[in-house]
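**Student:** Residue numbers (my numbering), protein chains in the order written: chain R, 645 to 995; chain D, 645 to 995.
My structure is below; once you've seen it, I'll send some questions.
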């Protein structure tokens, strides 16, 4: 295990599309969404077991989630759990943690991942991340994991890879031609029909030197804000300084802030059963289903004449469903939702 | 108020078709099914207010429901709440309470009603019952309330009235030609098309002398069983004697045991917004509906693209429903059911 390897878990999302399972009080990364006994953030950490020393694991999350993060990831040093005073998308989050890591180890090599994704082929995933990290340890490359599309998904950004131009060092790592925003269906269908379009997983690999340099070039104001706090980091003054700075940071994703502008950007294609679990529908594809296409997560669920439904309960709720096709039925803590899977984009309006 | 008037409320049902709102622990007569602040048994008693002295109100119910009956009907004398040691349909229940009443007042005139029906035209109902009681006070007639059918219901028994033969004493009271069992749909449609077929409401009026005499003639064994206990009634020995007798009684309805056999049987037609609330569907017709035909009973229910649904929750459950048409969504005490209204006859198989 390379002691320069660091893992950053971004855990600030509020999971509004998974209501009522997920709530602002406890977003989906802190829930056992799959019904497997581990929460998504725990599964995320599990996925990197042995690749990164525990003392090099960082979590950036909202202030209100710091306590639950410490509870769910007891092995992560509490001082590595960074609390954002407000939500500011991924660029400020990554800039902040990168400076923290740089202060501790300027040679650090980093993989950044959201806390609420899942991966079913963990071995393939670890191979892909490992190759990317070997690559970024030796270069000033920025590498994204690119997922081979399985459907014309309009909810993801796409990466156009130059498959003719693989890295001389790593044959599975290709130069990125362009990042593409979430497409409409027709465009997504075109993308899927071509071999060089990949989903942007939001999982990044870079050395701390590379990413700090990229912030310095492409986000100089944001970067200076955090650089100026360097001396206060790891002191009692850090919190007040971050509280003062964070709200002023631009609310921007690292994709817009850095990736689309940077030059040495690469992609490692990966076919690893990845999902961002952004929707109930995507969860459905990752749960075991009965012979009628139903995924039932809960202690006491019975279905009759029911197909293609996801029924998800927490606690000891007993559920009987008759005559539904293509619905979500979810119950948690006194909140019940019934919604067509095809209409689930409206869920965030329900609460 | 005639001091000979007695009211018998039959409250032994277990309401299995209203699961999960209704359960064997607390059947529907003890629930505020309409969401109006009064339970069905309370509404039943309310309906007779001023017609019967409180000390003449009797309730026959299962042993396990005696306590809740006392709680919900605190004005009914506890000694008038008779506990059945086992379920034996309506004939033993009526035979038992009739002997209790006869012992107290041989001149008693009785109206018998289930505890879980509803009536929306209370004034019309009271007029109908009042006329029937005046009639039975002067005659040895057995009178049933007959409900004018509004649909070809296959779940009710029917009464064929002889409309040409009204009582000389009461012009609204007609001789019964025949009792008809629950018909198939085609037969029900024929019944509804004729003016002289009425639903059998299960609400009966008779003098205690008449009904005891009818038991003596048509159910001599059952009648003797209770007659023999006359001396033990209202003594500490009553309970043990009833416990010993009740299980041996035939499990038979008063309709089969008496009504279909007796001769002086009359019907008082009534168009009083009656329902036996036997099903969720019948409840739906009695609840206020929104502009899309939904009836929502609960504290915090929101619907989107939803019509012709009944959504019923107890307690503080929050419910959001999207995209359902013609369903029951019911939640109570950690049990959730979703079922097509058209399939609700299967509910009793769900639990």
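Using N, Cα and C, we set each Cβ at its ideal position, and we do this for glycine too.
Roughly how many whole angstroms lie between the Cα atoms of residue 803 (chain R) and residue 821 (chain R)?
**Tutor:** Start at 1 with the first residue of the first chain, and residue 803 (chain R) comes out as number 159. Start at 1 with the first residue of the first chain, and residue 821 (chain R) comes out as number 177. Whole-angstrom Cα-Cα distance: 8 Å.
**Student:** Quick one: residues in its chain with C-beta nearer than 6 Å to the C-beta of residue 946 (chain D), no 5 flanking neighbours on either side, listed in chain order?
**Tutor:** Walking along the second chain from the start, residue 946 (chain D) turns up at place 302. Only 964 meet the Cβ criterion.
**Student:** Using only the alpha-carbon positions, how far apart do residue 903 (chain R) and residue 896 (chain R) sit?
**Tutor:** Taking the first chain and counting its residues from 1, the one referred to as residue 903 (chain R) is at position 259. Taking the first chain and counting its residues from 1, the one referred to as residue 896 (chain R) is at position 252. Straight-line Cα distance between these residues: approximately 12 Å.
**Student:** Please determine, among D:699, D:786, D:685, D:826, the residue with the shortest C-alpha to C-alpha distance to residue 709 (chain D).
**Tutor:** Along the second chain, read from residue 1 onward, the residue named residue 709 (chain D) stands at position 65. With distances taken between Cα atoms, residue 709 (chain D) lies closest to D:685.
**Student:** Ignoring anything shorter than 4 residues or poking outside the stretch 789-867 of chain R, list the alpha helix (DSSP H) runs there in chain order.
**Tutor:** Complete alpha helix (DSSP H) runs here, min 4: 829-837, 852-862.
**Student:** Thinking residue 871 (chain R) and residue 743 (chain R) are a contact (beta carbons under 8 Å), I'd like their distance in whole angstroms, please.
**Tutor:** Here residue 871 (chain R) is taken as the residue at index 227 of the first chain, counted from 1. Here residue 743 (chain R) is taken as the residue at index 99 of the first chain, counted from 1. Yes, they are in contact, since the Cβ atoms of residue 871 (chain R) and residue 743 (chain R) sit about 6 Å apart, within 8 Å.
**Student:** May I have the straight-line CA-CA distance separating residue 647 (chain R) from residue 882 (chain R), to the nearest angstrom?
**Tutor:** For this step, residue 647 (chain R) is matched to residue 3 along the first chain. For this step, residue 882 (chain R) is matched to residue 238 along the first chain. Taking the straight line joining both Cα atoms gives about 25 Å.
**Student:** Looking at chain D, is there any beta carbon in it that lies within less than 7 Å of the beta carbon of residue 994 (chain R)?
**Tutor:** Here residue 994 (chain R) refers to the residue found at position 350 of the first chain. At least one chain D Cβ lies under 7 Å of residue 994 (chain R).
**Student:** Just to confirm the assignment, what range does the beta strand (DSSP E) spanning residue 971 (chain R) have?
**Tutor:** Numbered from its first residue, the first chain carries residue 971 (chain R) at position 327. Per DSSP, residue 971 (chain R) belongs to the beta strand (DSSP E) from 971-976.
**Student:** Using a Cβ-Cβ distance cut-off of 7 Å, determine whether residue 665 (chain R) contacts chain D.
**Tutor:** Taking the first residue of the first chain as 1, we reach residue 665 (chain R) at position 21. Not one chain D Cβ lies under 7 Å of residue 665 (chain R).
**Student:** In the DSSP assignment, find the alpha helix (DSSP H) that holds residue 738 (chain R) and state where it starts and stops.
**Tutor:** Here residue 738 (chain R) refers to the residue found at position 94 when the first chain is read from its first residue. Residues 734-748.
**Student:** Three or more beta-carbon pairs under 8 Å between the stretch 835-849 of chain D and the stretch 783-791 of chain D, yes or no?
**Tutor:** Touching, per the Cβ criterion.
**Student:** CB-CB under 6 Å to residue 727 (chain D), same chain, minus the five flanking residues each way: which ones, in chain order?
**Tutor:** Your numbering for residue 727 (chain D) matches position 83 in the second chain. The answer, listed in chain order, is 707, 710.
**Student:** Taking the beta carbon of residue 680 (chain R) as the centre, do at least 16 other beta carbons fall within 10 Å, making it buried, or is it exposed?
**Tutor:** Looking up residue 680 (chain R) in the first chain gives position 36. It is exposed - the Cβ of residue 680 (chain R) has fewer than 16 other Cβ atoms within 10 Å.
**Student:** Mind listing the chain D neighbours of residue 981 (chain R)? Cutoff is C-beta to C-beta under 7 Å, in chain order.
**Tutor:** As a first step, residue 981 (chain R) must be located in the first chain, where it is residue number 337. Going along chain D in sequence order, the residues near residue 981 (chain R) (Cβ under 7 Å) are 964.
**Student:** Measuring CB atoms only, is the stretch 755-771 of chain R touching the stretch 905-922 of chain R, in the sense that at least three cross pairs come out at less than 8 Å?
**Tutor:** Result yes; three or more Cβ-Cβ pairs closer than 8 Å.
**Student:** Determine, using beta carbons only, whether residue 681 (chain D) comes closer than 7 Å to chain R.
**Tutor:** Locating residue 681 (chain D) in the second chain gives position 37, counting from the first residue. It does not: the Cβ of residue 681 (chain D) has no partner Cβ on chain R nearer than 7 Å.
**Student:** Less than 7 Å between the beta carbons of residue 852 (chain R) and residue 752 (chain R), yes or no?
**Tutor:** Position 208 of the first chain, counted from the first residue, corresponds to residue 852 (chain R). Position 108 of the first chain, counted from the first residue, corresponds to residue 752 (chain R). Result yes, Cβ atoms of residue 852 (chain R) and residue 752 (chain R) sit closer than 7 Å.
**Student:** Could you name the residues of the same chain whose beta carbon sits closer than 7 Å to that of residue 839 (chain D), not counting the 5 residues immediately before and after it, in chain order?
**Tutor:** For the purposes of this step, residue 839 (chain D) is taken as the residue at position 195 of the second chain. Contacts found: 807.
**Student:** With 16 as the cutoff for other CB atoms within 10 Å, does residue 873 (chain D) come out buried or exposed?
**Tutor:** Position 229 of the second chain holds residue 873 (chain D). Label assigned to residue 873 (chain D): buried.
**Student:** Along chain R, in chain order, which residues have C-beta atoms closer than 7 Å to that of residue 597 (chain D)?
**Tutor:** Outside the shown range of chain D, which is 645 to 995, sits residue 597 (chain D), and nothing can be said about it.
**Student:** Quick one: does residue 961 (chain R) have its CB under 7 Å from some CB of chain D?
**Tutor:** What you label residue 961 (chain R) is simply residue 317 of the first chain in a count that begins at 1. Judged by the 7 Å Cβ criterion, residue 961 (chain R) is in contact with chain D.
**Student:** Based on the DSSP secondary-structure assignment, which residues constitute the bridge partners of residue 951 (chain R)?
**Tutor:** Along the first chain, read from residue 1 onward, the residue named residue 951 (chain R) stands at position 307. DSSP lists R:969 as partners of residue 951 (chain R).
**Student:** With a threshold of 6 Å on Cβ separation, who are the neighbours of residue 893 (chain R) within its own chain once the five nearest residues in sequence on each side are excluded?
**Tutor:** Position 249 of the first chain holds residue 893 (chain R). These residues qualify, in order along the chain: 732, 736, 866.
**Student:** DSSP three-state label for residue 981 (chain D), please.
**Tutor:** Locating residue 981 (chain D) in the second chain gives position 337, where the first residue counts as 1. Strand, per DSSP.
**Student:** Classify residue 812 (chain D): buried if its beta carbon has 16 or more other beta carbons within 10 angstroms, exposed otherwise.
**Tutor:** By 1-based counting over the second chain, the position of residue 812 (chain D) is 168. So residue 812 (chain D) ends up on the exposed side.
**Student:** Does the stretch 770-778 of chain D come within contact of the stretch 659-672 of chain D, defined as at least 3 CB pairs closer than 8 Å?
**Tutor:** They do not touch, by the three-pair rule.
**Student:** Residues in the same chain with beta-carbon distance under 8 Å from residue 929 (chain D), minus the five sequence neighbours each way, listed in chain order, please.
**Tutor:** Translated into the one-based positions of the second chain, residue 929 (chain D) becomes position 285. Once the five neighbours on either side are set aside, the close Cβ partners of residue 929 (chain D) are 919.
**Student:** Measure from the C-beta of residue 978 (chain D) to each C-beta in chain R and report whether the shortest distance is under 7 Å.
**Tutor:** Taking the second chain and counting its residues from 1, one reaches residue 978 (chain D) at position 334. Yes, its Cβ sits closer than 7 Å to a Cβ of chain R.
**Student:** Under the rule that 16 or more other beta-carbon atoms within 10 Å means buried, what is residue 661 (chain D), buried or exposed?
**Tutor:** Taking the second chain and counting its residues from 1, the one referred to as residue 661 (chain D) is at position 17. Classification of residue 661 (chain D): buried, given that the 10 Å Cβ count is 16 or more.
**Student:** Got a sec? Which residues, its chain only, sit under 7 Å from residue 939 (chain D) by beta carbon, not counting five neighbours each side?
**Tutor:** Numbered from 1 along the second chain, position 295 holds the residue referred to as residue 939 (chain D). Result list for residue 939 (chain D): 928, 931, 932, 933, 954, in chain order.
**Student:** Does residue 987 (chain D) get closer than 7 Å to chain R when you measure Cβ to Cβ?
**Tutor:** Numbered from its first residue, the second chain carries residue 987 (chain D) at position 343. Yes - at least one Cβ of chain R is within 7 Å of the one on residue 987 (chain D).
**Student:** Measure the CB-CB distance between residue 979 (chain R) and residue 973 (chain R) and report whether it falls below 7 Å.
**Tutor:** What you label residue 979 (chain R) is simply residue 335 of the first chain in a count that begins at 1. What you label residue 973 (chain R) is simply residue 329 of the first chain in a count that begins at 1. In this structure, residue 973 (chain R) does not lie closer than 7 Å to residue 979 (chain R) by Cβ.
**Student:** Please report the Cβ distance between residue 760 (chain D) and residue 921 (chain D), rounded to the nearest whole angstrom; I am assuming they are in contact, meaning their Cβ atoms lie under 8 Å.
**Tutor:** Locating residue 760 (chain D) in the second chain gives position 116, where the first residue counts as 1. Locating residue 921 (chain D) in the second chain gives position 277, where the first residue counts as 1. That pair is a contact at about 6 Å.
**Student:** Mark residue 795 (chain R) as exposed unless 16 or more other C-beta atoms lie within 10 angstroms of its C-beta, in which case mark it buried.
**Tutor:** Within the first chain, residue 795 (chain R) is the residue found at index 151, counting from 1. Answer is exposed; the Cβ neighbour count stays below 16.
**Student:** By the three-class DSSP mapping on this structure, what secondary structure does residue 654 (chain R) have?
**Tutor:** Along the first chain, read from residue 1 onward, the residue named residue 654 (chain R) stands at position 10. Correct three-state label for residue 654 (chain R): strand.
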